[in-house]
Amino acid sequence: MRSGRSIEHIIRDIPEEELSDLAELFKVFGDSTRVRILYDLINGEKNVTEICEDLEMNQSAVSHQLKILRVSKLINARRSGKAMIYSLADEHVKTIIAMGIEHIEE
309 MRSGRSIEHI IRDIPEEELS DLAELFKVFG DSTRVRILYD LINGEKNVTE ICEDLEMNQS
369 AVSHQLKILR VSKLINARRS GKAMIYSLAD EHVKTIIAMG IEHIEE
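This is the structure we're talking about:
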């Protein structure tokens, strides 16, 4: 949280542009395939073939969703030979997923 202030003050002080960016971030989580990919990457890096196998989906569908996740800065990609290796962008992504799971299990 910003400056130790309460969440109510933080929300009240957020500029409209940041609220719009936050809404766009949550839209990315609105697709179950993207959430499944993120969840699959919690345990570490994977290439697209491994993700496809884990999700039992074709490469075209997975690649499309990986692009959206990259543009949204939720995952990173690095080249290893001819393969792209994907990983979660940072610990914040894990936290968002964990908090979402905790919320729906209440």
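Counting with our numbering, you get residues 309 to 414 for the letters of the sequence shown.
Every residue gets a Cβ at the ideal spot worked out from N, C-alpha and C, and that includes glycine.
Please classify residue i: is it buried, with 16 or more other beta-carbons within 10 angstroms of its beta-carbon, or exposed?
i	result
residue 342	buried
residue 319	exposed
residue 379	exposed
residue 359	buried
residue 330	exposed
Would residue i and residue j qualify as a contact pair, given that the criterion is a beta-carbon distance under 9 Å?
i	j	result
residue 373	residue 398	no
residue 383	residue 395	yes
Is residue i helix, strand or coil by DSSP?
i	result
residue 382	coil
residue 369	helix
For residue i, which residues of its own chain have a beta-carbon under 6 Å away from its beta-carbon, when the five flanking residues on both sides are left out?
i	result
residue 362	348
Excluding five sequence neighbours on each side, which residues of the same chain lie with their C-beta closer than 7 Å to the C-beta of residue i?
i	result
residue 344	363
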